[in-house]
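Okay, structure first, notes after.
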Ligand code: HEM
Ligand code: HEM
Ligand code: HEM
Ligand code: SF4
Ligand code: SF4
Ligand code: SF4
Ligand code: SF4
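Protein chains in written order, with my numbering: chain A, 507 to 859; chain B, 1441 to 1839.
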């Protein structure tokens, strides 16, 4: 087989109306939650219907998406960066029948404008080796509760939620209005019988960002200074004899006020709101309540167009903790170091010279 | 009726949001692997702990990555997922599909894999979730025959991704799809053969709204912008005046306070020299306002997840760069960055961490880029700074 052919040419995947109007769009409107109309300079109108997806989907589900797209959209569709599916129509007459069809099948249409769109998330217990929680389960439980905010646009601004099941955060959760982040709270358990047999000791030692790991001359394994460990799991990634996961130690933390876009205020990290909530599968009720509480406080307190972080910026963190009734602890005060924050982490600046 | 084997997960079939449990069960009707995937997940729900091991390098011929080896730690209970590897397949740029292409992928995956997928993974790839070591090669061969290729994994270039850009967005300041497609095809070697200290990500958003979160998720973030004046249609502004409170919702939320609104004349003025191109006003009035005509991108460097030293968000390296085929300047820059990082980076050190360790001063010198105030939020506050030897007349060395 040939290698390195790269991804298929995306031009072959574009519906004709998009191919025709590529780079020639004039404006768009949100006709109703989940339905965008893009108008081209020449007058062509494209309708996009956004449908929430589970991300973890089977082939028959994808075939169902295909059936729908073939019925209403001449066989074209796309996925968004947040795991939504978008049906792309050039015929307005098909819009109502498509919406009806989706309703019958029980698919949520929404996620546009001042709503909560799908939760970007990771693998969790379904398929990763270091998770501190599951991903798909908490996401499903939270979205069931926030469903009305997906299908309507009644919030002051956009509200993006993301979930990552460990600190590696392969899902870019730290720039979200609300981040749900799995954390470990116990150092790895140490099996010095196996360490020398299955691990490369120098790389394991080098992996630790806090220099908590030292060689153990007696066993030819390692020692861990547990006071220094911040449970990142790097050592486990390199050395399976240092398992980190633990049912009591693991759970979920909640972060708030991050954003990516440059609109108004620049991009910002999410900041710690709740340091720990235990894992209570299958529906994580405390996590659902915590997220819902924060959403409701924001919806009540924020001014129009204010994102979570902008609202908190205006009222102040002390007020945020007061309004949300979230207890403030020593965990909220940072004691890990990164000093690069004088760099301009935004695309906002003025041209000079 | 027989008792359900998965009482906990069954709870997640309830409720209005699409349920992954339903999909696992659908796949499980066809595939023993998905059946055991579900059963093992039930055990995780019961015990509140994961049951996957990593390790054991697996892959396909000619590639150093694209497959994530995955093994159950309870093959005694769940033989179907003893091997359950992930294949990352490079998505078509912009995540556009014909149903024909999707059905092709589904058919191949039903033949060789679990029938479960992620559409898509966080990096953007099509994630084919769960197959055996023996099926990797034939599955890849068939996908390749149909025009699909592997995505990146390991210490390599990760599958680059783009916002929907000019395909459906009036705000695109450059062709994010073409740029990503072109860059991906140019750097197939870097994508498929891990050879660096750690991973490297490139993401293209075609305007400062940054819909692919390039600034947060890419080492090299390419964010569309412009350097002339916001285009305005005064007639359309007047139309918005009925629907929006332009003074309150637009003018007063402008971060640079560079706009003014004359309520009587229904006239909007922008002092473009002071505009920092945040997109707020354009987002609110897409019919009336548009990015300027002299368009390109801001190039930012260093974004990454917390592992190892903490999360970083990309910062400005080049304020404005024209983004035109064949994208040589950005490719040259990437190659130069990779060379320097490869030579100086420690194992598992992202480029942002390396720059933080040795200093922007060193990085800029190596790249031949002049320092400018657009790169920083504020000048340094601490007085410990270094001088290059050639900048200061040196003391005579004592013998
Ligand atoms: C030691 C470090 C890491 C290891 C061993 C590791 C391992 C993995 C593995 C095995 C997967 C595949 C999960 C699966 O599909 O079964 C994965 C997925 C992923 N990882 Fe990592 N990872 C590490 C660090 C990171 C970091 C630091 C990031 C990001 C900052 C990251 C981003 C991702 C992304 C984006 C995915 C795709 C997840 C998805 O499909 O949604 N990884 N990682
Ligand atoms: C005022 C601010 C914003 C406006 C007006 C805006 C507008 C849009 C529009 C029109 C789309 C649809 C693009 C398309 O696919 O055709 C879109 C999609 C998207 N935007 Fe934004 N955006 C804004 C801010 C943001 C922010 C702050 C983020 C992320 C933090 C973001 C993330 C996304 C994502 C991920 C999509 C893909 C759609 C999806 O998956 O649901 N946007 N945005
Ligand atoms: C290595 C560098 C430096 C060291 C070790 C140092 C050390 C000190 C010490 C020990 C004091 C307290 C003196 C006293 O009142 O007993 C002091 C005061 C002061 N230093 Fe520095 N300093 C350094 C650099 C600087 C720099 C670069 C500046 C200005 C740019 C600076 C400005 C001052 C000022 C203004 C005070 C008086 C502060 C006050 O009255 O409250 N120092 N410094
Ligand atoms: S966030 Fe962590 S635990 Fe979750 S899938 Fe990514 S690397 Fe695995
Ligand atoms: S978990 Fe992280 S901090 Fe703790 S010992 Fe391992 S590498 Fe070090
Ligand atoms: S980043 Fe800008 S150009 Fe790209 S899709 Fe989003 S709003 Fe449009
Ligand atoms: S783009 Fe932002 S900074 Fe520029 S005029 Fe509009 S609101 Fe003001």
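Each residue gets a CB set at the ideal place from its N, CA and C atoms; glycine is no exception.
Is residue i near ligand 6, judged by its Cβ being under 7 angstroms from some heavy atom?
i: residue 1616 of chain B; result: yes
i: residue 1603 of chain B; result: yes
i: residue 554 of chain A; result: no
i: residue 1664 of chain B; result: yes
Keeping to the same chain, check which residues put their C-beta closer than 6 angstroms to that of residue i; ignore five residues upstream and five downstream.
i: residue 527 of chain A; result: 546 and 550
i: residue 1758 of chain B; result: 1739
i: residue 666 of chain A; result: 682 and 683
i: residue 1621 of chain B; result: 1533
i: residue 1575 of chain B; result: 1552
i: residue 845 of chain A; result: Residue confidence for residue 845 of chain A is low, a pLDDT of 46 falling below 50, so the modelled location carries little weight; the figure read from the coordinates is stated next. If we look at residue 845 of chain A and ignore the five residues flanking it on each side, it has no Cβ neighbours.
With residue i and residue j assumed to form a contact (beta carbons below 8 angstroms), what rounded beta-carbon distance in angstroms separates them?
i: residue 1645 of chain B; j: residue 854 of chain A; result: Not a contact, Cβ separation roughly 14 angstroms.
i: residue 1528 of chain B; j: residue 1561 of chain B; result: 7 angstroms
i: residue 716 of chain A; j: residue 734 of chain A; result: 5 angstroms
i: residue 712 of chain A; j: residue 669 of chain A; result: At roughly 30 angstroms, the Cβ-Cβ gap does not stay under 8 angstroms, so residue 712 of chain A and residue 669 of chain A are not in contact.
i: residue 760 of chain A; j: residue 779 of chain A; result: 5 angstroms
i: residue 519 of chain A; j: residue 1532 of chain B; result: 5 angstroms
i: residue 1676 of chain B; j: residue 1727 of chain B; result: 5 angstroms
i: residue 767 of chain A; j: residue 1600 of chain B; result: Actually they do not touch by this definition, with Cβ atoms about 20 angstroms apart.
i: residue 794 of chain A; j: residue 648 of chain A; result: 5 angstroms
i: residue 1846 of chain B; j: residue 1473 of chain B; result: Chain B is shown only over 1441 to 1839; residue 1846 of chain B falls outside these bounds and no answer can be derived.
i: residue 1614 of chain B; j: residue 1705 of chain B; result: About 35 angstroms separates the two Cβ atoms, so there is no contact after all.
Tell me whether residue i counts as near ligand 5, meaning its Cβ is closer than 7 angstroms to at least one heavy atom of that ligand.
i: residue 713 of chain A; result: yes
i: residue 750 of chain A; result: yes
i: residue 1638 of chain B; result: no
i: residue 740 of chain A; result: yes
i: residue 719 of chain A; result: yes
i: residue 636 of chain A; result: no
i: residue 716 of chain A; result: yes
i: residue 730 of chain A; result: yes
i: residue 693 of chain A; result: yes
i: residue 736 of chain A; result: yes
Check whether the Cβ of residue i sits closer than 7 angstroms to any heavy atom of ligand 7, and report yes or no.
i: residue 1613 of chain B; result: no
i: residue 821 of chain A; result: no
i: residue 1670 of chain B; result: yes
i: residue 1738 of chain B; result: no
Please name the residue or residues paired with residue i in a DSSP beta bridge.
i: residue 1735 of chain B; result: B:1666
i: residue 685 of chain A; result: A:668 and A:761
i: residue 1741 of chain B; result: B:1660 and B:1755
i: residue 491 of chain A; result: Residue 491 of chain A falls outside the range modelled here, since chain A spans only 507 to 859, and no answer is possible.
i: residue 737 of chain A; result: In the DSSP output, where bridge partners are listed per residue, residue 737 of chain A has none listed.
i: residue 695 of chain A; result: Answer is none; residue 695 of chain A lacks a bridge partner.
i: residue 583 of chain A; result: A:593 and B:1537
i: residue 778 of chain A; result: A:761
i: residue 562 of chain A; result: B:1558
So, for residue i: in the same chain, excluding its five sequence neighbours on each side, which residues have a beta-carbon less than 7 angstroms away from its beta-carbon?
i: residue 1753 of chain B; result: 1655, 1656 and 1743
i: residue 1449 of chain B; result: 1461, 1478, 1481, 1482 and 1485
i: residue 584 of chain A; result: 592 and 594
i: residue 1456 of chain B; result: none
i: residue 1755 of chain B; result: 1740, 1741, 1742 and 1815
i: residue 721 of chain A; result: 707, 711 and 728
Does at least one heavy atom of ligand 4 sit under 7 angstroms from the Cβ of residue i?
i: residue 1656 of chain B; result: no
i: residue 785 of chain A; result: no
Tell me which residues share the same chain as residue i and place their Cβ nearer than 8 angstroms to its Cβ, disregarding the 5 neighbours each side in the sequence.
i: residue 1710 of chain B; result: 1669, 1670, 1672, 1698, 1699 and 1721
i: residue 1733 of chain B; result: 1666, 1668 and 1671
i: residue 1820 of chain B; result: none
i: residue 1514 of chain B; result: 1480, 1483 and 1491
i: residue 1548 of chain B; result: 1579, 1582, 1583 and 1586
Q.
I'd like the ranges of any alpha helix (DSSP H) spanning at least 4 consecutive residues and lying wholly in the region 802-837 of chain A.
A. 814-821 and 823-830
Q) What residue ranges within the region 589-639 of chain A form continuous beta strand (DSSP E) runs of no fewer than 3 residues, ordered along the chain? A) 591-595
Q.
Going residue by residue through the region 1632-1713 of chain B, where are the continuous alpha helix (DSSP H) segments of at least 4 residues, counting only ones entirely within it?
A. 1654-1657 and 1674-1683
Q.
At 3 residues or longer, what runs of the beta strand (DSSP E) sit wholly inside the region 1536-1623 of chain B?
A. Taking 3 residues as the shortest admissible run, the region 1536-1623 of chain B contains the following complete beta strand (DSSP E) segments, listed from N- to C-terminal end: 1536-1538, 1556-1559 and 1566-1569.
Q: Please go through the region 1759-1790 of chain B and give each complete alpha helix (DSSP H) segment of 4 or more residues, from N-terminal end onward.
A: 1768-1784
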